[in-house]
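Going by our numbering, the sequence shown opens with residue 34, and the numbers climb by one from there.
Glycine residues also receive a C-beta, built at the ideal position from the N, C-alpha and C atoms.
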Amino acid sequence: MLIVSANMGQGHNATGRALEDAIRQRWPDATVRWVNALERLGPGFEGLFQRIYVANVESVPWLYEFFYAAIWRIPWFAAASRWFTAAWCGRRLAKPIAEFAPDLVLSTYPMGTAGLAWLRRKGKLRAPIGAWVSDFAPHPFWVYGAADLTMVMHDVAVAPALRSSPSAHVGVSAPPVRAVFRPGDQTAARHELGLPPDAFVPLVSCGSLGFGEIETTVRELLAADPSVAPIAICGRNDAAAARLRALGEPRLHVVGWTDQPERYTLAADVVVTNAGGATSLEALACGRPVLMHRPIAAHGKANARLMADAGLALVSTKDGELAETVRGLLAEPERLKEMAEAVARHCETATPLVEALESLVSAPLNPPTQRLRPEDALFVHVATPEVPQQVGAVLLFDPKADGTPVTHADAEHLLAATPGLRTRLLPGSRLWRARWQEDPGRTSADVLTSVRVGPEAPLDAALTREMDAFFSEPVSPEHPVRARLVTGIEGEQGALLIALHHAASDGIAVISALVGQARGKEPLTPVPVAAPRRRGWWRRPNVALGASDAPNATLGASGAPNATLGASGVPDAALGASGVPNATSGESHASNAALGASDAADAALGASHAPNATLGASGAPNATLGASHAPNAALGASHAPKATLGRTGSHPERSAVRAALASLAAPVRAALARAASPVWHRLERPSGPANRSGAAESARAKPSQRNQAAELARGVWTLARAGAAPRVRWDKRIDSPRRHFARAHLSAPEVRKAARRAGVPTTNLVLALVAEALHRELGGTAPERLRVLIPMSVRDTGTFRQLGNHTGAASVDLPTGAMSLSERVRATDRMLSDQVGHGAPRAGNAVVRVLGILPPALHRRAAKLVYRGTWFSVIASVLPGARSPVVLNGALVRTVYPVLSLAPGVPVAVGIMTWADRFTVCITVPAGQEARGDRLAASVVEAFGRV
C-alpha cells in the first residue's frame, strides 16, 4: 500500500496515519510506504510551499481568499490550475510508484490526488486510487474523477465535491483519525489532567502550526463566565504558549506540543478551532461539538460554513460573539446536547475506514467518462425544468396462460436491456461537454417501482392516471432511467411504464432493446470506451477524427472494429424500406429490410459492411478520409510516410501549415462526411484487381460521393429555405413538467389497405390523419400549413443496435387548411415526398453534428436556438415496432405506446408506432390542456373511419 501525503501542517499526515492503522487492522502483513508529495516536486519546493501557506494565512489572507474564490468562480482558471498541478505532480510521482508497484494507493493531500489522477489518465497507474479529503469542505483541487473513491467528511460535502468533478465516485467517511480518538469517560480524563470536574471546559486548538488569534480567543472565553476553564493547545507556536502562561490565569491550562491530544479532547465540552481540518475531525470522533471562531481565510471559512450546515458546529466571526455563544450554551444545555447527538449520528452512519478500504480493493475502478455525441447532447442543452427531455414507452401486457399477471421479476428482466440503465449523465458546463459515465453497480431493481391499482381497475382510466403521474416526474441526470409496473388492471392486465432521458437513446433503440430482451437476444451495448482514456488522439496511428479506441475505427463508429457511419450503396435500402413501391419505415415486405420489418440479421437502414472502408478512402487498410495508412498521414495524403495533403515531404514548413489547416477543417468535414458519404460495413467488397488499387476504388466511388454530396446540399437548402414556422393561434404555455397523455389505436391491416387504395405509403397516410386532426382542433384559425418536426432514423447496420440518438429530422409543412380528407392525404404525400425526399433528414443530422463542433457554451446556445417553437409547432414521429407477437415469460405484449417529449414552445407531440396488428397513437400535451389532447386522439380515429 502506498500513502501519498505532505508535510503541510500535520492534518494530512494525521489522516494518513489513520489510514495506515486501518490497513494494518485489515491486512496485518501489508507493506505500507509513504511518499511526501511536496518533497517529490523538487529541491526546496516543500519549504517554499510551507512558507507561502503560512504567509497567505497570517499576512495576506485576502490573496488566499481571492485564489480560493477564483477556483470556484472562474472555470477556465480552475481547469488550467488543475491541469498544471496534475501534470507536474504526476510526472514527479511516476518513478516512486513504478518502483514500488503498489496494490492500492491512498492520498491525503490535494496535489498528490491530482498527480495520481494524471497517472491514471495516462495509463501509468492501474492500482485503485483512494482520496481522503481531510478538510470538511472539499474544493476543486481535492476531487478528481480519475480517482476510484473520494471520501468526504459529511453528507453536506458530497454536493460541492461533485460540483468540483461530476464524474467522481464520492463517499462519506467516518472521521479519518487514529483509533484513540473515540468517545470515552470525560470525568476520568479531567481527573487525569487535573481539571475541575464541574467546569465548562472549551479546548482551544488551532492545529500544529498554531494559526490564529489564540490569545484573543482565550481572553474572550475567560470573560464569558467564571465557570469556564479553557485548555489552550498551542502546537509548535512556542511564543503564543509563553504569552498565555504569562497571563497567570488559574483557570487556564496551557499546553505546547503534545503527542496525546485525545486526552484533552475527551476532557473538553467543546473544541474551539479556526480551520476545520484534523482538529475538528478528532473532536467529532470523540463526540465533541465544535465552535469555529474567526475561521482562517479560504478553506477555513468554507469548513465553518459546511460544519454549521451539518449541525456540528457554531460559528463566530466578530469580537464578543464567542463569549456570547458560550453563555448561550451554558444557559441552554439542551442545545449542546443536540449538537453532541448530531455528532454521534454522523459517526455512526458514515463509512468506517476499513470498509472503505475493502471496497476500494474489491470494487471495479471508477469508470471513465464518454463524451456525448452532438445528437445526444442536443437534448441536454435544450432541457429546462418546465420542458424536460425524456422519452419512453408504455407496454401493456395480457395475463399469462394461467391467468396470472406479469410480475415484478418479469419487469426487472425486461428492463435490464434499457438504454442508459447503468449510466449517469454529467450535464457539463460552459467549458466542459456533457458526458456519460457507467454505473456498473446499478440494476433494473434500482429503478423499478410497483403499484397495484385494482382489483379490476378500468383499463383506460387507470392507465391514463398512472401515465400522467409517472411521466410528469422527470428523470434526473444521476438516474436517467425510471420504470413503474402497474398491476390490478381489469382482466389481470399489467402495464410497464418506462421513462429515460432523451440523451440516452432514440425510440428505435429503446424498442429494439426491449423486444430483443423479450426474445432472448443480446442487449444493446454502448460504444466501448478504453480505460484508461488517453488524450492526444492525434498521436495514435490509424485512428480518425472522433473514432473510438478500437483499431482503425473512424468517425465515432460503433465498438465493432473498422466500422464507420454513413449511408449504404445499396439502392432503396434506407429506413427499412425495400425496393417495393410504397414500402415505408417498418413496412417492407422484403427480407432483411430494417427496423421492425423482420428479425433478419443486419437488416438495418441500408448500410454496407466492408471492413476498414472509410469515407472515400483508398483501398489500403486503415486509410481514413483519403489518407494513407502511414502514421501521421493527413487528409488526402499519399502513401509516403508523414506525407500531408497529397504532397511529398519536400517542403516541411508548407506541410506543417497545411496539416494545421486540415486539422481545423477536419471536424466540419468529418461531420458532413458521416451524414453523406457511402461506407462499407462488414460486407465483403467486390473482388477484383481494381479493388486492390486505392486509386481505382476512389475513382469508382466518386460518382456515388457526388450524388451523396448533392443530396446533402439539397437537404441543407431545404432546411434553410423553410424559415420560421407559420403562426398557430393556440396556447403554447408550458409552465411545469406535468403532462397529459391521450391514446388511440388503429387497425394496422386496415391502415395498409387504405394506403394502398390511396396510392400513398402508410406513414404518409397516418401523418395525413394527424393533419386532419390538427385542422379540426384549430378550426377557423387553422393556417393553410402547419410546421411539423418529424424525426427520422439515419441508422445503418453499424448503428442499428447502438445506443444514442441516430436521427435526422425533416420540418414538413402539413396541410391544415380547409380541404377534403382525400385532398389532404394527397397533399401530405406530396409535401413529405418533396421535403423528406430531398435529403432533409440527413441534412438535419449533419447540421446537429456540425453544431457539436462549437465550444460547449456556444453549442448550448445554438441548440436552444434551433430546437424551439420558432421553427416548428408540433412534433410527430412514426416508429417501427414488432410485426410479430412479443411474449415476456408467457405474457403477451399486447400494445406499446411511444411517449415523446415536448420542445420549448411546442405544446403537442404525437408518437405513432406499428405494433403487431395495430398502429398505436400517443399524444403528449401539457397538464391543463387535457381536453386538447383527448380531442386530437379522437379526431385521428374519426378521420381514419372516414378514410
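### Message
Given this structure, state the Cα-to-Cα distance separating threonine 451 from proline 931, to the nearest angstrom.
### Response
Walking along the sequence shown from the start, residue 451 turns up at place 418. Walking along the sequence shown from the start, residue 931 turns up at place 898. Taking the straight line joining both Cα atoms gives about 14 Å.
### Task
Return the residue from the list Val543, Val394, Lys351, Pro816 that minimises the CA-CA distance to proline 161.
In the sequence shown, counting from the first residue as 1, residue 161 sits at position 128. Looking at the Cα atoms, Val394 is the closest of the given residues.
### Message
For the pair the segment 507-521 and the segment 905-919, tell me if three or more CB-CB distances fall below 8 Å.
### Response
At 8 Å Cβ cutoff, the stretches do not touch.
### Message
Taking the alpha carbon of asparagine 69 as the reference point, which residue from Ile85, Gly42, Ala55 has its own alpha carbon closest?
### Response
Taking the first residue of the sequence shown as position 1, residue 69 is located at position 36. Ranked by how close their Cα comes to the Cα of asparagine 69, the residues Ile85, Gly42, Ala55 have Gly42 in first place.
### Message
To test your reading of the DSSP string, which unbroken beta strand (DSSP E) runs of 3 or more residues are found completely within the segment 155-206?
### Response
Taking only runs of at least 3 residues, the beta strand (DSSP E) segments lying wholly in the segment 155-206 are 162-165, 182-185, 203-205.
### cysteine 267 (DSSP reduced to helix, strand or coil)
One-based indexing of the sequence shown puts residue 267 at position 234. DSSP places cysteine 267 in coil when its eight states are reduced to three.
### Query
Nearest to leucine 884 by alpha carbon, out of His414, Leu779, Asp764?
As a working mapping, residue 884 is identified with position 851 in the sequence shown. The residue from His414, Leu779, Asp764 with its alpha-carbon nearest to that of leucine 884 is His414.
### Among Ala896, Pro208, Arg106, the one whose alpha carbon lies nearest that of cysteine 380
One-based indexing of the sequence shown puts residue 380 at position 347. Closest option to cysteine 380, Cα to Cα, is Pro208.
### Message
Does the segment 176-183 come into contact with the segment 341-357, if we say contact requires no fewer than three beta-carbon pairs (one atom in each stretch) closer than 8 Å?
### Response
Between the segment 176-183 and the segment 341-357 there are fewer than three inter-stretch CB-CB distances shorter than 8 Å, so the stretches are not counted as touching.
### Query
When the distance is taken between beta carbons, is alanine 815 closer than 8 Å to valine 858?
In the sequence shown, counting from the first residue as 1, residue 858 sits at position 825. In the sequence shown, counting from the first residue as 1, residue 815 sits at position 782. Against a cut-off of 8 Å, the Cβ pair of alanine 815 and valine 858 comes out as no contact.
### Query
Got a sec: does the ligand FMN put a non-hydrogen atom nearer than 7 Å to the Cβ of arginine 457?
Absence of the ligand FMN is noted for the structure shown, with no ligands found whatsoever.
### Message
Once DSSP output is grouped into helix, strand and coil, what is the label at alanine 39?
### Response
Working through the sequence shown from its first residue, we reach residue 39 at position 6. In this structure, alanine 39 counts as coil in the three-state DSSP scheme.
### Query
Is the segment 437-446 in contact with the segment 776-793, if contact means three or more CB pairs nearer than 8 Å?
As far as the Cβ criterion goes, the segment 437-446 does not touch the segment 776-793, which means the pair count is below three.
### Query
Helix or strand or just coil, what does DSSP make of glycine 44?
For this step, residue 44 is matched to residue 11 along the sequence shown. Correct three-state label for glycine 44: helix.
### Query
Is the segment 385-394 close to the segment 457-467, with three or more CB pairs under 8 Å?
Contact between the segment 385-394 and the segment 457-467 is absent: fewer than 3 CB-CB pairs across the two stretches fall below 8 Å.
### Message
Tell me which residue opens and which closes the alpha helix (DSSP H) that tryptophan 95 is part of.
### Response
For this step, residue 95 is matched to residue 62 along the sequence shown. Going by DSSP, tryptophan 95 is part of the alpha helix (DSSP H) stretching over 94-106.
### Integer Cβ distance of phenylalanine 839 from aspartate 472, believed to fall under 8 Å
As a working mapping, residue 839 is identified with position 806 in the sequence shown. As a working mapping, residue 472 is identified with position 439 in the sequence shown. The question names phenylalanine, but residue 839 is histidine in the sequence shown. Cβ-Cβ separation between histidine 839 and aspartate 472: approximately 23 Å, too far for a contact (criterion under 8 Å).
### Query
For phenylalanine 905, which three-state DSSP category applies?
What you label residue 905 is simply residue 872 of the sequence shown in a count that begins at 1. Note: phenylalanine 905 maps to coil in three-state DSSP.
### Task
Please check the pair serine 477 and leucine 448, which I expect to be a contact at CB under 8 Å, by giving their CB distance rounded to whole angstroms.
For the purposes of this step, residue 477 is taken as residue 444 along the sequence shown, with counting starting at 1. For the purposes of this step, residue 448 is taken as residue 415 along the sequence shown, with counting starting at 1. Correct: roughly 4 Å between the Cβ atoms.
### Task
Could you have a look at glycine 17 and say whether DSSP puts it in helix, strand or coil?
In the structure displayed, the chain extends from 34 to 980; residue 17 sits before or after that span and is not available.
### Query
Going along the chain, which residues of its own chain have a beta-carbon closer than 7 Å to the beta-carbon of valine 213, five neighbours each way excluded?
If you number the sequence shown from 1, residue 213 lands on position 180. Correct list, in chain order: Glu295.
### Message
Here's a check: name, in chain order, each residue in its chain whose Cβ is nearer than 6 Å to the Cβ of arginine 809, leaving out the five neighbours to either side.
### Response
In the sequence shown, counting from the first residue as 1, residue 809 sits at position 776. Sequence-distant partners of arginine 809 (beyond 5 residues in either direction) whose C-beta falls short of 6 Å from its own C-beta, in its chain, are Ser972.
#### Entry: Per DSSP, cross-strand counterpart(s) of methionine 325
As a first step, residue 325 must be located in the sequence shown, where it is residue number 292. Note: methionine 325 sits in a beta bridge opposite Thr306, Val348.
### Task
Compare the Cα-Cα distances from glycine 521 to each of Ala781, Gly436, Asp479 and report the closest residue.
Here residue 521 corresponds to residue number 488 of the sequence shown, with the count starting at 1. When only C-alpha atoms are compared, the closest one is Gly436.
### Query
Since arginine 468 and glutamine 403 are thought to touch, with beta carbons under 8 Å apart, how far apart are those beta carbons, to the nearest angstrom?
For the purposes of this step, residue 468 is identified with residue 435 of the sequence shown, where counting begins at 1. For the purposes of this step, residue 403 is identified with residue 370 of the sequence shown, where counting begins at 1. So it is a contact: roughly 6 Å between Cβ atoms.
### Task
Run the CB neighbour count on aspartate 867, radius 10 Å, all protein chains shown included, and call it buried at 16 or more, exposed below.
In the sequence shown, the residue the question calls residue 867 occupies position 834. Classification of aspartate 867: exposed, given that the 10 Å Cβ count is below 16.
#### Entry: Counterpart residues of aspartate 846 in DSSP-defined beta bridges
Position 813 of the sequence shown, counting from 1, holds the residue named residue 846. Among the bridge pairs identified by DSSP, aspartate 846 is matched with Arg820.
### Task
Spatial neighbours of alanine 274 within its chain, please: CB distance less than 7 Å, with the 5 preceding and 5 following residues excluded, ordered by chain position.
Here residue 274 refers to the residue found at position 241 when the sequence shown is read from its first residue. Contacts found: Cys267, Val287, Gly289.
### Query
Quick one, which of Tyr97, Pro143, Leu139, Pro135 has its alpha-carbon nearest threonine 118's?
Counting from 1 along the sequence shown, the entry for residue 118 is found at position 85. Nearest C-alpha to threonine 118: Pro143.
### Query
With distances taken from CA atoms, which of Glu408, Met372, Gly527 is nearest arginine 893?
Taking the first residue of the sequence shown as position 1, residue 893 is located at position 860. The shortest CA-to-CA distance from arginine 893 to any of Glu408, Met372, Gly527 is the one to Glu408.
### Message
What would DSSP say about proline 931, mapped onto helix, strand or coil?
### Response
Against the sequence shown, residue 931 aligns to sequence position 898. In the three-state DSSP reduction, proline 931 falls in the strand class (E or B).
### Task
Counting only the same chain and skipping the five closest in sequence on each side, list residues whose C-beta sits under 6 Å from that of threonine 482.
One-based indexing of the sequence shown puts residue 482 at position 449. A distance below 6 Å between beta-carbons, with the five flanking residues on each side excluded, links threonine 482 to the following residues of its chain, in chain order: Arg517.
### Task
Flag this pair as touching only if the segment 528-542 and the segment 898-905 have three or more C-beta atom pairs under 8 Å; answer yes or no.
Three or more Cβ pairs closer than 8 Å define a contact, and the segment 528-542 falls short of that threshold against the segment 898-905.
### Query
So, do the segment 84-103 and the segment 45-64 have three or more beta carbon pairs nearer to each other than 8 Å?
Touching, no, given that fewer than three Cβ pairs across the two stretches are closer than 8 Å.
### Task
Give me the Cβ distance between histidine 172 and histidine 332, rounded to the nearest whole Å; I'm assuming they're in contact under 8 Å.
Here residue 172 refers to the residue found at position 139 of the sequence shown. Here residue 332 refers to the residue found at position 299 of the sequence shown. Contact flag correct, Cβ pair sits at about 7 Å.
### From Leu139, Ser140, Trp116, Leu152, residue whose alpha carbon lies closest to that of leucine 131
Taking the sequence shown and counting its residues from 1, one reaches residue 131 at position 98. One detail in the question is off: residue 131 reads as alanine in this sequence, not leucine. With distances taken between Cα atoms, alanine 131 lies closest to Leu152.
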